[in-house]
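All remarks here apply to the structure that follows.
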Amino acid sequence: MKTLIKNGTVYLAGKFRKQDIFLDGTQIRNVSSKLEVKADRVIDATGLHVFPGFVDIHAHLRDPGHTYKEDIVSGTKAAAHGGITSVCAMPNTDPVVDNIASVDYVQRRAKDLGSCKVYVIGAMTKKSEGLEISEMATMKSDGIVAVSDDGQCVQDAKIMLNCIRYAQNFDLPVIVHAEDYSLSGKGQIHSGKVSTQLGLPGINALAEEVIIMRDIMLAESTGARLHIAHISTAKSIELVRAAKKRGVHVTCEVTPHHLLLTDEACLSFDTNTKMKPPLRPEKDRQACVQALIDGTIDCIATDHAPHADFEKIKEFDHAPFGIIGFETAFVALYHHLVKPGIVSLERIVEAYSLAPASIMDLPNNEIKKGNPADLTIVDLNGETTIDEDFIFSKSKNTPWMGHTFSGRIKYTIVDGRTTFADIQS
Amino acid sequence: MSDTPQFLGRNVFDLDDYSRAEILYILEAAKGMKEINLREYKKIPTLRGKTICTLFVENSTRTRMSFELAANRLSADVVSFEATVSSLQKGESLQDTVYTLGAMGIDLYCIRHSSPGAPQLVHKYSGKPVINGGDGRHAHPTQALLDIFSIWEKLGSLDGLKITIVGDILNSRVVRSNLIGMRKLGAEVTVCGPRTLMPSGMEDVYGCKVEYNLPRALKDADVVMGLRMQMERMTEGLFPSLEEYSKHYVLSKDTIKYAKKDALIMHPGPMNRGVEILPEIADGKQSIIVEQVANGVAIRMALMFLILGGKA
Chain A
1 MKTLIKNGTV YLAGKFRKQD IFLDGTQIRN VSSKLEVKAD RVIDATGLHV
51 FPGFVDIHAH LRDPGHTYKE DIVSGTKAAA HGGITSVCAM PNTDPVVDNI
101 ASVDYVQRRA KDLGSCKVYV IGAMTKKSEG LEISEMATMK SDGIVAVSDD
151 GQCVQDAKIM LNCIRYAQNF DLPVIVHAED YSLSGKGQIH SGKVSTQLGL
201 PGINALAEEV IIMRDIMLAE STGARLHIAH ISTAKSIELV RAAKKRGVHV
251 TCEVTPHHLL LTDEACLSFD TNTKMKPPLR PEKDRQACVQ ALIDGTIDCI
301 ATDHAPHADF EKIKEFDHAP FGIIGFETAF VALYHHLVKP GIVSLERIVE
351 AYSLAPASIM DLPNNEIKKG NPADLTIVDL NGETTIDEDF IFSKSKNTPW
401 MGHTFSGRIK YTIVDGRTTF ADIQS
Chain H
426 MSDTPQFLGR NVFDLDDYSR AEILYILEAA KGMKEINLRE YKKIPTLRGK
476 TICTLFVENS TRTRMSFELA ANRLSADVVS FEATVSSLQK GESLQDTVYT
526 LGAMGIDLYC IRHSSPGAPQ LVHKYSGKPV INGGDGRHAH PTQALLDIFS
576 IWEKLGSLDG LKITIVGDIL NSRVVRSNLI GMRKLGAEVT VCGPRTLMPS
626 GMEDVYGCKV EYNLPRALKD ADVVMGLRMQ MERMTEGLFP SLEEYSKHYV
676 LSKDTIKYAK KDALIMHPGP MNRGVEILPE IADGKQSIIV EQVANGVAIR
726 MALMFLILGG KA
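If you read the protein sequences in the order shown, they are chains A and H. The opening residue of the first sequence carries number 1 in our numbering; numbering runs sequentially from there. The opening residue of the second sequence carries number 426 in our numbering; numbering runs sequentially from there.
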């Protein structure tokens, strides 16, 4: 299959330029200002932007075990719908992905039936119980790209140190979900004015900050790689900024919801504002945006966490934590950060396409000859309304239900194959 | 009569939805109801044919009785649904419970639940008005209204009054609703308790004063309200012992002298005598604790009457 993408505004080496792109099979064959080649099909990208495919390194596909929430088919379809070409799947499924049989299962299902590439993150400890190191090296030889106990946090510092050192041995990034349980306790939302007002138990910001400080120090002591998932407070960002200055090999990600929403959203008692880490006050949100701009925050990841309707309609403190993110991420960020001129479009592409691939050592996804044909084509003048019909994910737990955003994903191309095309127009 | 506040079909989730004028209107209505409660035959036919459901997913015999008595005295039919949180989580969800009750033709729900926001859910699923009878640590508007009514009845107005509330502020829904209502009626409120039992941002959220020292908090108070201190806060590591708590925060003859001489003494009950309040104060001349309970029935009658559009 040969595809010619004509006249797009293409992200090339940090800038947008009018280019044609020629895809041959799974690869980009040529990128040039004017290409006249014979192709099986031509995509007229006049007026459209062409990005290196989005890479979401933090997602819960819920497969195996919780396929009523999501499965690999629906999850990757939803990802493609959001312009994502690669996702990294977190291991907190049932069973936990802490062994090669489970790694194989996810990889095989994704390869056979998936609408985007799926890279597997292995559990850092057996069953993510935080007690014994998992067979990381074996799982790595089977293809995992990182280890994490996401959703759980290893509470014992000695065990965490051992995990970090062992992972370092096999050059696996360690992804930490930073949460000290003694401080977060039964907390439901950020501990502050809103939790006081609603009478909901608060999650102290220290629960995140204390673990980030601990893990930075542990990683620093051995020179290992540490990636901090869903960073959310100004203090946490300060800790990372200082660590980077000292040369610690630390990276971090932020979710679209922590960039765009605050704990005031919880005042509605909408359980789709309940997630971990919790939505924070405005000053923390602003710190996240600033850190994304200045590079302290390396990348954007959705923490796509589907939960079924019957779980989320419960009383606030009985509903599970987490929201979906694949299909809202880009348009929400474009609408609220890029369009008003707060963050450049280039920075979003860097943080949502290139940086995440580099952090997880995924194949280089810049738009250039020889690289995989993973592309996202977007109409920035279009718009997207988030409603039940729009969402491809099995679960609809988004705080943005009913919202309309500027920007519309037109095509998602993975290894030269179109995995999503907007047929509406 | 366009200035008359409209209550028909409204919810009472918390007092922030009600203006000063509306709260005062409710107090006047409750005054009328209180008069009925003093009659020999304590019943009027105004809500005949209406069905009120008390939906209690957290134990509270006193509050449920107060709601049921209020409904009975207005001649409404009353049904009670009692469940525990664990049964509701394992079995039928709150949504299905409300669908089931709704099918039986409920006109008004009075709900007590351990989860903040549960009354909003009941309204969402039933489409009927809901009176919040206490949701977790969030709100307890009928308790606040009866507290406010008790003060208003004694002192005529809350404007400029100094009210001090002492105890476990962190876990108290009574405090939160009272702060909203009392502030709307012009009172200055001070909350007092140990730092570990004080939620963050109280001043900003409610415009109240925060004190950690009891004598300072009580200074010149017109009204003093104690709150129930629960043993389980000790096992949660929030304070070391009831004895030590009592030494610093008990309402006694010794401590109450910092307040105004004739200050009203209140407590939402149930009391831990000897922990947050001594009998010498609870049963003393200034105490209106027992009257609060009586006023609770009147306030709940007034709300039911106004919301269901009873005929005067």
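Yeah, the Cβ is synthetic: ideal placement off N, Cα and C, and Gly gets one too. Small disclaimer: the values here were computed from a predicted structure and weren't measured.
Would you kindly report the start and end of the unbroken beta strand (DSSP E) that includes S182(A)? Here residue 182(A) refers to the residue found at position 182 when the first sequence is read from its first residue. Run containing S182(A): none in the beta strand (DSSP E); it sits in the alpha helix (DSSP H), Y181 to S184.
Of all the options E705(H), G694(H) and L610(H), which has the alpha carbon lying nearest to the alpha carbon of G592(H)? Position 167 of the second sequence, counted from the start, is the residue given in the question as residue 592(H). Comparing Cα-Cα distances from G592(H) to each of E705(H), G694(H) and L610(H), the minimum goes to G694(H).
Taking all protein chains shown into account, decide if N204(A) is buried (16 or more other Cβ within 10 angstroms of its Cβ) or exposed. For the purposes of this step, residue 204(A) is taken as the residue at position 204 of the first sequence. Burial call: buried.
Runs of beta strand (DSSP E) wholly within the stretch 368-395 of chain A (minimum 3 residues, chain order): 375-385
Exposure label - F730(H); buried when at least 16 CB within 10 Å: Position 305 of the second sequence holds residue 730(H). F730(H) is buried by the Cβ-count criterion.
Please tell me whether L200(A) has its Cβ less than 8 Å away from any Cβ of chain H. As a position in the first sequence, residue 200(A) is number 200, starting the count at 1. Chain H contact via Cβ: present.
Coil, strand or helix - Y466(H) by DSSP: Residue 466(H) sits at position 41 when you count from the first residue of the second sequence. Y466(H) falls in the coil class under three-state DSSP.
V504(H) in three-state terms, based on DSSP: For the purposes of this step, residue 504(H) is taken as residue 79 along the second sequence, with counting starting at 1. Strand.
Considering only residues of the same chain and omitting the five flanking positions on each side of T509(H), which have a CB-CB separation below 6 Å? For the purposes of this step, residue 509(H) is identified with residue 84 of the second sequence, where counting begins at 1. Excluding sequence neighbours, T509(H) sits near nothing in its chain.
List the residues of chain A whose Cβ lies closer than 7 Å to the Cβ of R598(H), in chain order. Within the second sequence, residue 598(H) is the residue found at index 173, counting from 1. The contacting residues are G199.
Bridge partner(s) assigned by DSSP for D560(H): Taking the second sequence and counting its residues from 1, one reaches residue 560(H) at position 135. Paired residues: H538(H) and A564(H).
Using a cut-off of 7 Å between C-beta atoms, extract the partners of M627(H) located in chain A. The residue you call residue 627(H) lines up with position 202 of the second sequence. Neighbours of M627(H) on chain A, chain order: T196.
Comparing alpha-carbon positions, which option in H403(A), I342(A) and H307(A) lies nearest D426(A)? Nothing can be reported for residue 426(A): it is not among the residues displayed for chain A, which extend from 1 to 425.
Compute the Euclidean distance between the alpha carbons of I5(A) and T222(A), then round it to the nearest angstrom. Your numbering for residue 5(A) matches position 5 in the first sequence. Your numbering for residue 222(A) matches position 222 in the first sequence. Each residue's alpha carbon lies about 47 Å from the other.
Out of curiosity, what's the CA-to-CA distance linking L218(A) and E179(A)? By 1-based counting over the first sequence, the position of residue 218(A) is 218. By 1-based counting over the first sequence, the position of residue 179(A) is 179. Roughly 16 Å between the two C-alpha positions.
Between which two residues does the beta strand (DSSP E) holding I211(A) run? Start at 1 with the first residue of the first sequence, and residue 211(A) comes out as number 211. No beta strand (DSSP E) contains I211(A), which is instead part of the alpha helix (DSSP H) from L206 to T222.
Anticipated Cβ contact below 8 Å, I300(A) with E253(A), distance rounded: Within the first sequence, residue 300(A) is the residue found at index 300, counting from 1. Within the first sequence, residue 253(A) is the residue found at index 253, counting from 1. That belief holds up - the Cβ atoms of I300(A) and E253(A) are roughly 7 Å apart, short of 8 Å.
Closer than 8 Å, CB to CB, is H318(A) near chain H or not? For this step, residue 318(A) is matched to residue 318 along the first sequence. Output row for H318(A): interface = yes.
Run down chain A in chain order and give the residues with a C-beta less than 9 Å from the C-beta of H548(H). Position 123 of the second sequence, counted from the start, is the residue given in the question as residue 548(H). Correct list: empty, because the minimum Cβ distance to chain A is about 11 Å.
Pick from M529(H), C633(H), I576(H) and S491(H) that is closest to I714(H), judged by C-alpha positions: Residue numbering aside, residue 714(H) sits at position 289 when the second sequence is read from its first letter. Among M529(H), C633(H), I576(H) and S491(H), the Cα nearest to that of I714(H) is on I576(H).
F170(A) vs T376(A) beta-carbon contact at 8 Å: Walking along the first sequence from the start, residue 170(A) turns up at place 170. Walking along the first sequence from the start, residue 376(A) turns up at place 376. For F170(A) and T376(A), no; Cβs fall outside 8 Å.
Take Q717(H) and list the residues in its own chain whose beta-carbon comes closer than 8 Å to its own, dropping the five residues that flank it on each side. Against the second sequence, residue 717(H) aligns to sequence position 292. Answer for Q717(H): L571, D572, S575, M691, H692, P693 and G694, listed in chain order.
Euclidean distance between Cα positions of R280(A) and R214(A): Residue numbering aside, residue 280(A) sits at position 280 when the first sequence is read from its first letter. Residue numbering aside, residue 214(A) sits at position 214 when the first sequence is read from its first letter. Cα to Cα, R280(A) sits roughly 21 Å from R214(A).
So if I threshold CB-CB distances at 7 Å, which residues from the stretch 678-700 of chain H count as touching chain A? none
By alpha-carbon positions, which one of Q155(A), R29(A) and K111(A) ends up nearest to G370(A)? What you label residue 370(A) is simply residue 370 of the first sequence in a count that begins at 1. Cα-wise, what sits closest to G370(A) is R29(A).
Here's a check: name, in chain order, each residue in its chain whose Cβ is nearer than 6 Å to the Cβ of L472(H), leaving out the five neighbours to either side. As a position in the second sequence, residue 472(H) is number 47, starting the count at 1. L499, S500, A501, L733 and G735, listed in sequence order.
Can you give the beta carbon distance from F426(A) to G83(A), rounded, assuming they're within the 8 Å contact cut? Within the shown structure, residues of chain A are numbered from 1 to 425, placing residue 426(A) beyond reach of any answer.
Counting only runs of 4+ residues fully inside the stretch 58-112 of chain A, write out the alpha helix (DSSP H) ranges in chain order. 72-81
Proximal residues, the stretch 569-583 of chain H versus chain A, C-beta separation under 7 Å: none
Helix, strand or coil for G325(A)? Go by DSSP, reduced to three states. On the first sequence, residue 325(A) is found 325 positions in, with the first residue counted as 1. Coil.
Just to check my reading of the structure: D415(A) and D374(A) have Cβ atoms closer than 8 Å, yes? What is that Cβ distance to the nearest angstrom? Sequence index remark: in the first sequence, residue 415(A) carries index 415 (1-based). Sequence index remark: in the first sequence, residue 374(A) carries index 374 (1-based). Indeed, because the Cβ distance is near 7 Å, the residues count as touching under 8 Å.
Are the beta-carbon atoms of V174(A) and H257(A) separated by less than 8 Å? In the first sequence, the residue the question calls residue 174(A) occupies position 174. In the first sequence, the residue the question calls residue 257(A) occupies position 257. Not in contact: V174(A) and H257(A) (Cβ atoms no closer than 8 Å).
Note down, in chain order, all residues in the stretch 181-194 of chain A with a beta-carbon under 7 Å from any beta-carbon belonging to chain H. S191, G192 and K193
Under 8 Å from the C-beta of S518(H): neighbouring residues of chain A: For this step, residue 518(H) is matched to residue 93 along the second sequence. Those within 8 Å of S518(H) in chain A are F310, I313 and K314.
Am I right that T85(A) and T412(A) are in contact with their C-beta atoms under 8 Å? What's the rounded C-beta distance? Indexing the first sequence from 1 puts residue 85(A) at position 85. Indexing the first sequence from 1 puts residue 412(A) at position 412. Yes, T85(A) and T412(A) are in contact; Cβ-Cβ is about 6 Å, under 8 Å.
Taking the straight line between their C-alpha atoms, what separation do you get for D317(A) and K685(H)? Position 317 of the first sequence, counted from the first residue, corresponds to residue 317(A). Position 260 of the second sequence, counted from the first residue, corresponds to residue 685(H). So the alpha carbons of these two residues sit roughly 41 Å apart.
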